[in-house]
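Q: So that we are looking at the same thing, I have put the structure below in structure tokens.
Protein chains in written order, with my numbering: chain A, 1 to 370; chain B, 1001 to 1370; chain C, 2001 to 2370; chain D, 3001 to 3370.
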């Protein structure tokens, strides 16, 4: 029997799926499941490979049910059962596990019931990298965004009634009621313009032209608001991420809070996987790096120098020699702070003591490497 | 008889509708009225429920007439009769009350006359949250926006004459006159592209391609202008709102104007209704709050601490402990000033005396709660 | 005979048209001319009023020829004949005056020749308010804008060849050659989407989907570049306009250049025609004004106070009393500097001596008005 | 025989093509090649001039093969053979040289094989001016951009399944499968709107309206992100370019690093070809220039003054006299630093010693020219 073998695999699954939001298996299952659901709707393609498609769909469903049960158990053990159940992730997990079976039980046609497999794509949401940032922008700017939406809807309503009045005698088929005219107004104001419903009277066309130009305006306002919000959010995010790291680098530790705030605004945080080449010998560069966490290896002729937390490299680029002299590769997962040439010079001007430290170290290394 | 009952209700209505821009009843009436007007235009749907639709429409109209009369009386009592009558709100109220009855009296078909009920949506305008802000942006940037509009119109005219010249022999039906070509040009330059009028000669298509690319340019300019104006307006608005509040918080009162200007640029104002959870125990946070007005309750184990005007909370998050230790809920309508972690650190650098006060209070509270 | 009457009118015209770019008459002539040219192309409408249309067109043409000759004479008198002739304005004037007559002389059909009247709209260009600003943005950002245009064209070419390859067997009518596919690509990449040429093979549709998404990207880049350029240009423009004015206001004259630069960044310049109400009694306000040029009248009870160059008003709004106490109206064309509440407070913090002057003057006025 | 003549020409070609990315010949070859490839696909046009088209295509191909071989030899000589081969430029060169011949050898129809000539346009990529800048923006903002793309794809999938469910019974032809609905969703969400597939059920249209409005949102987010990134990149780029130049101008050399950083943020670098008129006598100007490299000639009455590295001109415009007093023309390729009036005044305020130097020099020149 397979059970003795299946169990340890399951146990591993349990620990893997319980903690993290999305395992690699889950990504595969979502992709496969949605792909098969798509095939299901293509008549001839499905008929050719019906058994395989059904098998994959059931497998994916089984996986998601299993994942959901594991998470429920895990959360109950930590006393966060209801917290999880009512959270966004919990609801998505439940919907992914239950929607299709419930539809099938309710007697819905299988081909239709399996369409609910599309809910599985919602599981990807928490894994989207910049989502939190986007949501903050939308929340911060919700006031003006809603204003624009209300204006959008008002223009849609006013335009569609005007257009209905002007066109419904000439085109009773397409402008026969206000809802039909509303459809036209949304299609036009978003500048989609299908062309299935088009005004033909001169006055109707003048109203339509004004609606299209308003469409550009709505677009512009919308974008302007989001651009403003995004710029503010980006500044905030960078600062937060970098402050944490800077205060952990010994090099900056003896600076006062004013100077740290200054330095923080100049550095950018970068996280790199192991065995990533940061600097390639012979290329030109315009930034230096501080190791905030992890370790990097400098490939000097004949030997390898390991640099750990608090060390820096690439400073030659800022002191006149823009051609990189050696390969630098991460040996572990590393968090680096990047200082651009631009900011190095501003920093040099405001905190000469820092610049001297870098300068001295650079000269020491140059001597050593000769 | 119902009169004795109706009168106090009316009296309450009078006071409610006279002062504020939009009562909840008015929103309901607008929504219902526009919905019924829409139903009116759908032949079969209307025939099924004609009586109900008519009744609701007349009711809404009666409400708006009543509201208008109440406001007129209210304004006359305060000697602002003509000021109100000629203001935007007064004109909209008058139009909403009179347009449909006048059209019916003038002998317009009822189905057509009721279309004027769409004017009721204009009553929503003053209630749009960020409208004042949007209008300021449009006014401030009106110069460049009008320039772009003039350029837009010039491109439209030049393109349509060119296209008429190139296409009217081949497609006399669609490009038979310059106005027809103007329709094409607007549809194309706004990138709507219905497809009802499409150039088919090679030269005509080259002109059209240039018009489309210009369309992108017009779009970009428009958006760029609005984005710039919006960024400036947002900065201004935040500053104004916050300055008022900051100077009312005792905590900041003994700072000089330079420091207040500094602090003001870092704080954000938030208005919250009663019984809103500001901080949820166990979540992580990166900001602290000052109570500018109203009151909040901190849910400590065993007791509830009420914090009124001038107090602050959530400061632990800024001092290393990002996990929130207690629920905080508003007890009344409260205006809070939010200080982000980012700005707290900049503030700490520039005004160490403020940071020390926060630090001392935080330590006092920690001792107290042990 | 009419000559003795016509001559002084002409003489006045000469002086009016020679100096300025566009007289009011010229605007009327452009509008009428283009409108009549439009009517000319509408068969039935033209037939009904052919004589009138022709008369107006010839009149407009006569005006533009006359205007051109007057300007030529004017410029020759100042020795700038060739400078004018080869400038944009000179070329447009020449084209407006000569294009239609030359076409008629060359034997072109009158209906076609008069289409060249569209060139008259180009005369409007120098009168567009923010044009110089827009041109500066386009010049400053020309590098990245051209890059995006080149990328746009490359995507168009690559996509159209791919689409031609994939579709020309299935749709020989619409995708029969690369130029036909190019038409499709431009229509799609600008998201216009006429729908006259649509890929139908699965692979063709995938390529098309990628083109559409690239279209969004191109759009976004374009807008981002223009928004950035526009923000920089707006800052620069405001500064320049205000600096000139600030240094002419005695109130600021005794400040050092550092303080003037500071003040300049806070003020906004506004030019107003005579008899414009700047402040309306009883409204609320959040800014004060300096008179940089011209004069304003303050409508106090019983008397009118005139404020000339260097004076300020509306300062009560910044000192706690936001309700305006009197109407203020311009008596001549006036240039005002606007100081927002936001900036007044920052100014107060940085230059307390200025704030004191304003404060003292405000208190003096308050006493006077009691 | 032609060989003795051909060889020196080839030798010159070799040196020209090996070093630079794109010679003028290469641009001509790309343009001609792609144009001829386009003609090839137009049946009647090709038949008329088939021999010429073929000849040009083969010639272009020959040129690209030759260019590739020359570069390979050149790179092998410098030991960078594999570096080049695996770089983007190397791959593009190889594809341009080999794609068409290999396709022909593989027995593909000539008309189809020559379509691969479109790959030649990729050679233009490294020559695009602002490309490096655009790439940096895309890399820096890749996080949020990918988020928006993922959200875009999720909306596309959810909408297309919903639309398939709602429409496939009514319109089996166009909404017959999820892939068909996906096509509709992409066409709609990008606001392209061909109109070949349009929902007709009421619910389907409501879903479609929401998709269109989401399209505006996606657009806005995308643009907002790119605008933010672009603004940051522009600042950085200007600073870097200018710093290098400023430190080479003797005039600024004796400033400390803080002042240089200050000055750098105010100057703009401009590179000009020889014989370019920088200042035209009699026009008005609002900036002054420093010569960072090269030389310019000032056309004074009776004599020509040459100004080399480190000199400045146009300073009168900043000292009150905005009318330019003389033509200034570059004599060699020149790199100029432009100082706007705006920034000159800020600079004057912060570094009075610099302003005095400019002032003194200006007065000296004025005396000299009298």
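Even glycine gets a Cβ: it sits at the ideal position worked out from N, Cα and C.
1) Can a CB atom of chain B be found closer than 7 angstroms to the CB of residue 214 of chain A?
2) DSSP on residue 2304 of chain C, reduced to helix/strand/coil?
3) Pull up the distance between the alpha-carbon of residue 2391 of chain C and that of residue 176 of chain A, whole angstroms please.
4) What would DSSP say about residue 3288 of chain D, mapped onto helix, strand or coil?
5) Measure the alpha-carbon distance for residue 1151 of chain B versus residue 1249 of chain B and round it to whole angstroms.
6) Using only alpha-carbon positions, find the residue among A:285, A:242, A:297 that is nearest to residue 270 of chain A.
7) Mapping DSSP to helix, strand and coil, what is residue 1296 of chain B?
8) What residues match up with residue 270 of chain A in a beta bridge as DSSP calls it?
9) Count the other C-beta atoms from every protein chain shown that fall within 10 angstroms of the C-beta of residue 3168 of chain D, then say buried if there are 16 or more, exposed otherwise.
10) Could one say the Cβ of residue 3195 of chain D lies closer than 7 angstroms to chain B's Cβ atoms, at least one of them?
11) Look up residue 2175 of chain C in the DSSP assignment and say whether it is helix, strand or coil.
12) Closest to residue 1179 of chain B by C-alpha separation, out of B:1189, B:1157, B:1237, would be which residue?
13) By the three-class DSSP mapping on this structure, what secondary structure does residue 3201 of chain D have?
14) To the nearest angstrom, how far is the alpha carbon of residue 1123 of chain B from that of residue 223 of chain A?
15) Between the alpha carbons of residue 3210 of chain D and residue 1187 of chain B, how many angstroms are there, rounded?
16) Taking only beta-carbon atoms, is residue 3303 of chain D less than 7 angstroms away from chain C?
17) Which same chain residues end up closer than 8 angstroms to residue 2148 of chain C when comparing Cβ atoms and leaving out the 5 residues on each side of it in sequence?
18) On the criterion of 16 or more Cβ atoms from any shown chain inside 10 Å, does residue 3116 of chain D qualify as buried, or is it exposed?
19) Going by alpha carbons, who is nearest to residue 2035 of chain C out of B:1182, B:1042, B:1131?
20) By DSSP, does residue 3196 of chain D sit in helix, in strand, or in coil?
21) Drop a sphere of 10 angstroms on the beta-carbon of residue 2360 of chain C, count the other beta-carbons inside from all chains shown, and report buried for 16 or more, exposed for fewer.
22) To the nearest angstrom, report how far apart residue 1268 of chain B and residue 267 of chain A are at their CA atoms.
23) Check whether chain A comes within 7 angstroms of residue 3134 of chain D, counting only Cβ atoms and requiring the distance to be less than that.
24) Measuring alpha carbon to alpha carbon, tell me which of C:2214, C:2163, C:2358, C:2113 ends up nearest residue 2200 of chain C.
25) Closer than 8 angstroms by C-beta to residue 1332 of chain B: which residues in its own chain qualify, once you throw out the five before and the five after it? Chain order, please.
26) Would you call the stretch 1028-1045 of chain B in contact with the stretch 1106-1120 of chain B, where contact means no fewer than 3 C-beta pairs closer than 8 angstroms?
27) Measure from the alpha carbon of residue 2131 of chain C to the alpha carbon of each residue in B:1291, B:1144, B:1127, then state which is nearest.
28) Would residue 1147 of chain B pass as an interface residue toward chain C - the criterion being a Cβ-Cβ separation below 7 angstroms?
29) My understanding is that residue 3067 of chain D touches residue 3047 of chain D, with C-beta atoms under 8 angstroms, so please give their C-beta distance in whole angstroms.
30) I'd like to know whether the C-beta of residue 174 of chain A is nearer than 7 angstroms to at least one C-beta of chain B.
31) Quick one: what's got a C-beta closer than 7 angstroms to residue 1214 of chain B's C-beta in the same chain, skipping five residues either side?
32) For a contact defined as C-beta to C-beta under 7 angstroms, what are the partners of residue 2346 of chain C on chain F?
33) Quick one: measure Cβ to Cβ for residue 2340 of chain C and residue 1236 of chain B, integer angstroms, because I've assumed they're closer than 8 angstroms.
34) Report the residue from C:2325, C:2141, C:2064 whose alpha carbon sits nearest the alpha carbon of residue 2232 of chain C.
35) For residue 3223 of chain D, return the contacting residues in chain B, with the cut-off set at a CB-CB distance below 7 angstroms.
36) Given residue 3 of chain A, which residues of its chain have a CB within under 7 angstroms of its CB, disregarding the five upstream and five downstream residues?
A: Well, looking at it:
1) no
2) strand
3) No statement about residue 2391 of chain C is possible, as the shown extent of chain C runs from 2001 to 2370 and does not include it.
4) strand
5) 50 angstroms
6) When each option's Cα is compared against that of residue 270 of chain A, the closest is A:242.
7) Residue 1296 of chain B: strand per DSSP, three-state reduction.
8) DSSP, once it has assigned bridges, lists A:336 as partnering residue 270 of chain A.
9) buried
10) In terms of beta-carbon proximity, residue 3195 of chain D lines the interface with chain B, with at least one pair separated by less than 7 angstroms.
11) coil
12) B:1157
13) coil
14) 27 angstroms
15) For the pair residue 3210 of chain D and residue 1187 of chain B, the Cα-to-Cα distance works out to about 22 angstroms.
16) no
17) Cβ-Cβ distances below 8 angstroms link residue 2148 of chain C to 2218, 2221, 2222, 2225 in the same chain, with the five nearest sequence neighbours on each side left out; the list follows chain order.
18) The Cβ neighbour count for residue 3116 of chain D, taken over all protein chains shown within 10 Å, is at least 16; the residue is labelled buried.
19) B:1182
20) coil
21) exposed
22) 25 angstroms
23) For residue 3134 of chain D, not one C-beta of chain A is nearer than 7 angstroms to its own C-beta.
24) Looking at the Cα atoms, C:2163 is the closest of the given residues.
25) 1274, 1294, 1295
26) Judged by Cβ distances under 8 angstroms, the stretch 1028-1045 of chain B makes contact with the stretch 1106-1120 of chain B, as three or more pairs qualify.
27) B:1144
28) yes
29) At roughly 31 angstroms, the Cβ-Cβ gap does not stay under 8 angstroms, so residue 3067 of chain D and residue 3047 of chain D are not in contact.
30) no
31) If we look at residue 1214 of chain B and ignore the five residues flanking it on each side, its Cβ neighbours are 1155, 1189.
32) The question asks about chain F, but that chain is absent: this structure's protein chains are A, B, C and D.
33) 7 angstroms
34) C:2141
35) 1223
36) Unreliable positioning characterises residue 3 of chain A in this predicted model, as indicated by a pLDDT of 49, which lies under 50. A coordinate reading is not provided.
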